[in-house]
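Residue numbers for the sequence shown follow my numbering, beginning at 7 and rising by one.
Since the structure comes first, as structure tokens, the remarks are kept for the end.
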Amino acid sequence: PPATPQAWTDAVCVALVPVVARLTAAPGFDLGAPDATRQAYLTYLDEGLAATDRARTEIAAAGPAPVPDGDVIAEQVRGDVADLRADLAEARDQVQRTDTGSAVAFGRALVGVTRVVGALLNGAEVAGTINRDPTLAAAYAASPSCAQLQRAGKSGTVPPSVPPVPAVPPTR
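Quick look at the structure:
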């Protein structure tokens, strides 16, 4: 495991850059081609899950952060990434189950994916966890890989918002 706060923080950010890069490269969608759009999103989410799994392995290999309560911080970082993975898996299941013949249901599924990716980019859970420790916060601020992670999150394209779906009156 990395022996310095800087090396540990770099290792965590290096592990996460491919996750953010993949998730910010969302496919477009076309409600006129729902089957192709669903397949594009399933592939996108599968690749996001694979990138997340690689990141989890690399973060686990980094071990505890070399600061007081470093084991707790490392566990929180691993938990943040595990939560992301669970959200991606849930979004994938939702897209998989959605009836592409229903514009309303399909639109809702894609909105769910948009929310997951938006939460990743806006929440920056891992950065928040790392930045709670002053030594790690300084390492994060000085890390080129962490700067790359921040840039990727800001410049990425989240899935575009779903076009309005006509309201369907409830049936009894």
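Ideal Cβ placement from N, Cα and C applies to all residues, glycine included.
This structure is a prediction, so every number in the text was calculated from the model and none was measured.
Given residue i as reference, the closest of the options once Cα atoms are compared
{"i": "Y47", "options": "A153, T120, V132 and V110", "result": "T120"}
{"i": "A67", "options": "V73, E81 and D75", "result": "E81"}
{"i": "A32", "options": "G54, T63, V132 and I136", "result": "G54"}
{"i": "C19", "options": "R114, G118, C152 and T43", "result": "C152"}
{"i": "G76", "options": "Q156, Q154, T15 and R44", "result": "T15"}
{"i": "P24", "options": "T58, R103, A148 and F112", "result": "T58"}
{"i": "G113", "options": "A147, R157, G38 and R84", "result": "G38"}
{"i": "A13", "options": "A71, T43 and A42", "result": "A71"}
{"i": "I65", "options": "G118, P8, L29 and V117", "result": "P8"}
Cross-strand partners of residue i (DSSP beta bridge)
{"i": "A80", "result": "A80 pairs with nothing; no bridge assigned."}
Residue i classed as buried or exposed, judged by whether at least 16 other C-beta atoms fall within 10 angstroms
{"i": "P176", "result": "In this prediction, P176 has a pLDDT of 46, which is less than 50 and means its spatial position is unreliable; nothing more can be read from the coordinates."}
{"i": "T163", "result": "Only weak support exists for where T163 lies, its pLDDT of 48 falling under 50; the value from the coordinates is given anyway. T163 is exposed by the Cβ-count criterion."}
{"i": "V110", "result": "exposed"}
{"i": "T63", "result": "exposed"}
{"i": "Q100", "result": "buried"}
{"i": "D89", "result": "exposed"}
{"i": "A158", "result": "buried"}
{"i": "R103", "result": "exposed"}
{"i": "T49", "result": "exposed"}
{"i": "A115", "result": "buried"}
{"i": "A6", "result": "Nothing in the structure corresponds to residue 6, since the chain is present only between 7 and 178."}
Nearest-angstrom beta carbon gap, residue j and residue i [assumed within contact, 8 Å]
{"i": "V87", "j": "V26", "result": "Incorrect: roughly 11 Å between the Cβ atoms, too far for contact."}
{"i": "A21", "j": "A56", "result": "No, A21 and A56 are not in contact; Cβ-Cβ is about 13 Å, not under 8 Å."}
{"i": "T135", "j": "V73", "result": "About 12 Å separates the two Cβ atoms, so there is no contact after all."}
{"i": "A97", "j": "L51", "result": "6 Å"}
{"i": "P11", "j": "A145", "result": "4 Å"}
{"i": "D139", "j": "I79", "result": "6 Å"}
**Message:** Please give the ranges of any alpha helix (DSSP H) in the segment 81-148, keeping only runs that are unbroken, at least 4 residues long and fully inside the region.
**Reply:** Counting only runs of 4 or more, we get 109-129, 131-136 and 140-148.
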